[in-house]
Structures are given as structure tokens and as C-alpha cells.
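In our numbering, the protein residues as written are 33 to 208.
Have a look at this one:
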């Protein structure tokens, strides 16, 4: 196990990924239903908890992804009634005594295209959008310098959003 793997293990001990089917709990819908400042505060708090320092370049990628989810993805009806119910479920994962029921439109141009509700649950499709959006800054190299464990996986982990399909493939050493 190398030093990077050990650091990831320490992060995952403190922040467990939310493993819910993304088709039933679409991250794009959760982002649309949750006030932006609340999401940013969750990300700040979780990054601090695991010792990740987020600079302006990190926030540029994070805000782009949140905006993309909010304005450039289609969604189906989620399996939760409101964002509060979803966040109660996520917060209850850390507290064994907690009980959970689950066990704004703005128009922005979508310069990098739109994703269907199904496509938005697949890590590679979301990752490709990030590559296009940050190509002028170095694309893949830039994104992995900021988020060594994969930009999509790391942002979802910090934001408490459900994991996407195929976000990490340890057999190929891939993390989107």
C-alpha cells in the first residue's frame, strides 16, 4: 500500500461514501433541492474534517459541477420527499441513535451540453463534462492535481452526495 492509498483510507474512515442507488437518489436533484450555501458548508466542514485544504481552484471545479447538476441535467422524481429528508439520512449515518425515514429554477447556458437523468448517474459521463470544461487549464492533469482520488468521487464524498455508477474501479486503478 503506498502513501496515497493510506491517506485515502484515513479519509474514508472519517467520511463514508453515500452508497444509495443514484437512479433513485439522483445527485442532480439533490443539488437542485438544497440551498447552495448549505452544500458549500457541508463541503467545507467535511474537507476540514479529513484535512483537505480547498483553494480557489478547488472551489471553481466544485461550483462548476454543482451548477452543471443544477442547470444542465434532467431528473426524474426522486425517492425522497424533500432535501431535508435526504440530509437527515446522510447525517444519521454518523449517529447510531439517529432515526431516518429513508434507511428554483434558473436558466443557464449549458456550454458543455446537457445530460439525461440516466447519464447524470454515470461517473464517466459527468467526468467527461469536467474534462471539457477545464481543458484550457490542463484538463485531466489539472483536475487530478486538485483531486488526486478523482474529481467526481471526491466532490461527491465531500458534499455527501450519492456515489455515481462506476466512479471508482480498483481493478483498473481508475477513479473519476
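The beta carbon of each residue, even a glycine, is placed where N, CA and C say it ideally should be.
Given the structure is predicted, the values throughout are model-derived calculations rather than measurements.
With DSSP collapsed to three states, give me the class of residue i.
i           : result
residue 154 : strand
residue 58  : coil
residue 178 : helix
residue 4   : The shown model of the chain, from 33 to 208, leaves out residue 4, and the question about it has no answer.
residue 138 : Confidence at residue 138 is low in this model, with a pLDDT of 42, below 50, so the placement of that residue should be treated as unreliable; the coordinate-derived value is given next. Looking at residue 138 - three-state DSSP - the assignment turns out to be coil, as it is neither helix nor strand.
residue 86  : coil
Starting from the C-beta of residue i, find all residues in its chain whose C-beta is less than 6 Å away, skip the five residues before and the five after it, and write them out in chain order.
i           : result
residue 33  : With a pLDDT of only 45 at residue 33, under 50, the local geometry of the prediction cannot be trusted, and the value read off the model is given with reservation. Here the set comprises nothing.
residue 107 : 58, 60, 61 and 149
Which residues bound the alpha helix (DSSP H) around residue i?
i           : result
residue 183 : 183-191
Here's a check: name, in chain order, each residue in its chain whose Cβ is nearer than 7 Å to the Cβ of residue i, leaving out the five neighbours to either side.
i           : result
residue 40  : 181
residue 157 : 147 and 151
residue 19  : In this structure the chain extends from 33 to 208, so residue 19 is not present and cannot be described.
Use the C-beta contact count for residue i: other C-beta atoms within 10 angstroms, 16 or more gives buried, fewer gives exposed.
i           : result
residue 68  : exposed
residue 199 : buried
residue 172 : exposed
residue 166 : buried
### Query
Three or more beta-carbon pairs under 8 Å between the region 141-156 and the region 46-66, yes or no?
These segments touch.
### Query
Counting Cβ pairs, one atom from each stretch, are 3 or more of them under 8 Å apart for the region 91-98 and the region 158-166?
Taking a cut-off of 8 Å for Cβ pairs, the region 91-98 and the region 158-166 touch, as three or more such pairs fall below it.
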